[in-house]
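A.B. asks:
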Amino acid sequence: MNLTILGTGPEQTQPKPQEREQWASKVEFILAVAGHIVGLGNVWRFPYLCYKNGGGAFFIPYVLFLFTCGIPLFFLETSLGQYTSQGGITCWRKICPLFEGLGYGSQVVVLYTGVYYIIILAWTFLYLFHSFKSELPWASCRNSWNTDGCFEHSHNQTSPLHLYGESTSSVVEFWERRILGLSSGIEKIGNIRWDLALCLLLAWILCYFCVWNGVKTTGKVVYFTATFPYVMLVVLLVRGLTLPGAKDGIMFYLYPDPSRLTDPEVWMDAGSQIFYSYGVCTGVLTSLGSYNKYSNNCYRDCVYLCLLNSLTSFVAGFAIFSVLGFMAKEQGVDISMVAESGPGLAFIAYPRAVALMPLPQLWAVAFFIMIIFLGLDSEFVYQEALVTTISDMYPSFFQDNCRRKLLLLAISAASFFVGLLMVTEGGLYIFQLFDHYACSGMTLLLFAILQSLCIGWVYGKEHI
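Under my numbering, the residues of the sequence shown are numbered 1 to 464, in order.
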């Protein structure tokens, strides 16, 4: 047999593949993954779900899903990347090419999520800039955007919102009329909010330079972006626990209601929170794991990271509900009337609370800086994963680092221009569509089932 014809003869020279980059240390990998999974959902979603679904009783389904779905899927994706040293698409070519479509689907989710998730940073930057004013603009009704029905929140005063249907809180008016310029519906897109557009551009510039040189840059940036939010969280936690009414807020957060465990919605919320906050089934963990050494003990890393994520969510609940308890006490209302989830917590409930504190500017700045860093490292890890996946599909073309930087620039620029739709007057409605459909629990659940079947059944447990 002619070995030369088969391409294995000595006469044929094969191009030497470029050696894959690796994290400079295990710490960089840990911080990068922690920055990705510890995000806004830990602060504004988990505490609300806990109070909504039976307080301490919610931990039963949450912990059950953590150990049966969260940690196994987290470990599966990370080890897949470490074993194949490939991104979210090409890893399937080495495992089971038939399921390569899973990789493409997960990258579509990453792309969509990256487009809309960064809008939150644009909102937060604008709030942060307003927080440096001598008087917080959302604390008063003496502004050009306020209506005649505006009212200010004051100490020991029940909100007139529940007494007069036409009244609107100054905080809500700042959010809807000053930040968003909110239109009446999605059919009225309106004009671009140029201050928000500039904040969006700032967010994309920061994101670009955080990952522009690959894991060499990302590994260094996460030393700050992944740790600083914990400093801010501790500061806000200590401040919250020293406020009057904090005890009531924490009791409201944790008081168990076992009867809620019979409600299927509680179990659905627990499962969706695990999928959402652990970043599974998007291929991001696969891309990050692909830069590990082949012999790295990723099982231990995954267990520690999952426990860190859940512990952060739990502690964040104390920081948030202690402040909400203070606000409820100051206004003389029940805590259920001030508890919010999602953007409502970050941009309405918490700003309303800090306006009632001494030195409100200080606590507003601390809170919004924490939100920025929580969102920023999650966002730039999305971009790192996407660029890694595309680069691994065409390794010879992207051997030149300049081409990789141009790819990142193209993705960032295209995402920025698409994101301009979400900083229009009707942009919030488009944002909500992306939020509901781009990375929904059902989408991630489908990926989780197919991914588990592929690895455990098609590839075979005997090869794992």
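Positions of the beta carbon are idealized from the N, C-alpha and C atoms, including for glycine. Here the structure is a predicted model, which is why all the values come from computation and not from measurement.
Within 10 Å of its beta-carbon, does residue 153 have 16 or more other beta-carbons around it, so buried, or fewer, so exposed?
C.D. replies: Residue 153 is buried by the Cβ-count criterion.
A.B. asks: Between the alpha carbons of residue 237 and residue 452, how many angstroms are there, rounded?
C.D. replies: In a straight line, the C-alpha of residue 237 is about 39 Å away from that of residue 452.
A.B. asks: Pick helix, strand or coil for residue 242, following the three-state DSSP scheme.
C.D. replies: Reduced to three states, the DSSP call for residue 242 is coil.
A.B. asks: Looking only at C-alpha atoms, which of 58, 325 and 80 sits nearest to residue 260?
C.D. replies: It is 58.
A.B. asks: How about residue 316 and residue 38: do their beta carbons lie closer than 7 Å?
C.D. replies: No; because the gap between Cβ atoms is not below 7 Å, this pair is not in contact.
A.B. asks: Can you tell me the Cβ-Cβ gap for residue 197 and residue 420, rounded? I've got them flagged as a contact below 8 Å.
C.D. replies: So it is a contact: roughly 6 Å between Cβ atoms.
A.B. asks: With three or more C-beta pairs closer than 8 Å as the rule, is the segment 295-309 touching the segment 93-108?
C.D. replies: Counting Cβ pairs under 8 Å, fewer than three are found: no touch.
A.B. asks: Using CA atoms only, rank isn't needed, just tell me which of 55, 33 and 27 is closest to residue 251.
C.D. replies: Of the candidates 55, 33 and 27, the one whose C-alpha sits nearest the C-alpha of residue 251 is 55.
A.B. asks: Cα separation between residue 321 and residue 297?
C.D. replies: The straight-line gap from Cα to Cα measures roughly 37 Å.
A.B. asks: Return the CA-CA distance between residue 441 and residue 173, expressed in angstroms with no decimal places.
C.D. replies: So the alpha carbons of these two residues sit roughly 31 Å apart.
A.B. asks: Return the chain-ordered ranges of every alpha helix (DSSP H) run that is complete within the segment 339-382 and spans a minimum of 4 residues.
C.D. replies: 350-354, all fully within the segment 339-382.
A.B. asks: If you draw a straight line from the alpha carbon of residue 444 to that of residue 358, how long is it in whole angstroms?
C.D. replies: Distance between the alpha carbons of residue 444 and residue 358: 43 Å.
A.B. asks: Apart from the five residues on each side of it in sequence, which residues of its chain come closer than 7 Å, Cβ to Cβ, to residue 191?
C.D. replies: Answer for residue 191: 424 and 425, listed in chain order.
A.B. asks: For residue 77 and residue 310, what's the separation of their Cα atoms in angstroms?
C.D. replies: For residue 77 and residue 310, the distance between alpha carbons rounds to 18 Å.
A.B. asks: Which residue or residues does DSSP assign as beta-bridge partners of residue 217?
C.D. replies: None, per the DSSP bridge assignment.
A.B. asks: How close, in whole Å, do the beta carbons of residue 36 and residue 301 come, if the pair is a contact with beta carbons under 8 Å?
C.D. replies: No, residue 36 and residue 301 are not in contact; Cβ-Cβ is about 13 Å, not under 8 Å.
A.B. asks: DSSP has residue 192 in a bridge; who is on the other side?
C.D. replies: Answer by DSSP bridge pairing, in chain order: 424.
A.B. asks: Should residue 291 and residue 215 be called a contact, given that it needs their Cβ atoms to be closer than 7 Å?
C.D. replies: Contact flag set, yes.
A.B. asks: Can you grab the Cα-Cα spacing for the pair residue 113 / residue 170, in whole Å?
C.D. replies: The straight-line gap from Cα to Cα measures roughly 31 Å.
A.B. asks: According to DSSP, residue 281 sits in a beta bridge with which residue or residues?
C.D. replies: According to DSSP, residue 281 bridges with nothing at all.
A.B. asks: For residue 390, does the count of other Cβ atoms within 10 angstroms reach 16, so buried, or fall short, so exposed?
C.D. replies: Buried.
A.B. asks: In chain order, what are the residue ranges of uninterrupted beta strand (DSSP E) at least 3 long that sit wholly in the segment 296-342?
C.D. replies: Taking only runs of at least 3 residues, no beta strand (DSSP E) segment lies wholly in the segment 296-342.
A.B. asks: Under a Cβ-count criterion, where at least 16 other Cβ atoms within 10 Å of its own Cβ denotes burial, should residue 135 be classed as buried or exposed?
C.D. replies: Classification of residue 135: exposed, given that the 10 Å Cβ count is below 16.
A.B. asks: Can you find at least 3 beta carbon pairs, one from the segment 352-367 and one from the segment 116-132, that sit closer than 8 Å?
C.D. replies: These segments touch.
A.B. asks: Does residue 30 come within less than 7 Å of chain D when only Cβ atoms are used?
C.D. replies: The structure shown contains no chain D, having only a single protein chain.
A.B. asks: Between the C-alpha atoms of residue 434 and residue 116, what's the straight-line distance to the nearest angstrom?
C.D. replies: In a straight line, the C-alpha of residue 434 is about 7 Å away from that of residue 116.
A.B. asks: Less than 6 Å between C-beta atoms, sequence neighbours within five positions excluded: which residues of the same chain meet that for residue 14?
C.D. replies: Note that residue 14 scores 42 on pLDDT, short of 50, meaning its location in the model is unreliable; the coordinates nonetheless yield the value given after this. For residue 14, where only same-chain residues beyond five positions count, there are no Cβ hits under 6 Å.
A.B. asks: Note the first and the last residue of the continuous alpha helix (DSSP H) segment covering residue 153.
C.D. replies: Careful: residue 153 lies outside any alpha helix (DSSP H) and carries neither H nor E.
A.B. asks: Does DSSP classify residue 147 as helix, strand or coil?
C.D. replies: Coil at residue 147, not helix or strand.
A.B. asks: Between 46, 313 and 85, which lies nearest to residue 234 when the distance is taken from Cα to Cα?
C.D. replies: Nearest of 46, 313 and 85 to residue 234, Cα basis: 313.
A.B. asks: Rounded to a whole number of angstroms, what is the C-alpha to C-alpha distance between residue 158 and residue 336?
C.D. replies: In this prediction, residue 158 scores a pLDDT of 49, lower than 50, which makes its location untrustworthy; no coordinate-derived value is stated.
A.B. asks: Go to residue 123, then tell me how far its alpha helix (DSSP H) extends in each direction, as first and last residue.
C.D. replies: Taken as a continuous stretch (DSSP letters only), the alpha helix (DSSP H) holding residue 123 covers 100-130.
A.B. asks: Nearest-angstrom Cα distance between residue 74 and residue 142?
C.D. replies: Computed Cα separation, rounded: 50 Å.
A.B. asks: Per the DSSP calculation, residue 169 is bridged to which residue(s)?
C.D. replies: According to DSSP, residue 169 bridges with 151.
A.B. asks: Using DSSP with H/G/I as helix, E/B as strand and the rest coil, what is residue 394?
C.D. replies: Residue state, collapsed to three classes: coil.
A.B. asks: Taking 7 Å as the cut-off, decide whether the C-beta atoms of residue 328 and residue 31 are in contact.
C.D. replies: Taking 7 Å as the Cβ cut-off, residue 328 and residue 31 do not qualify as a contacting pair.
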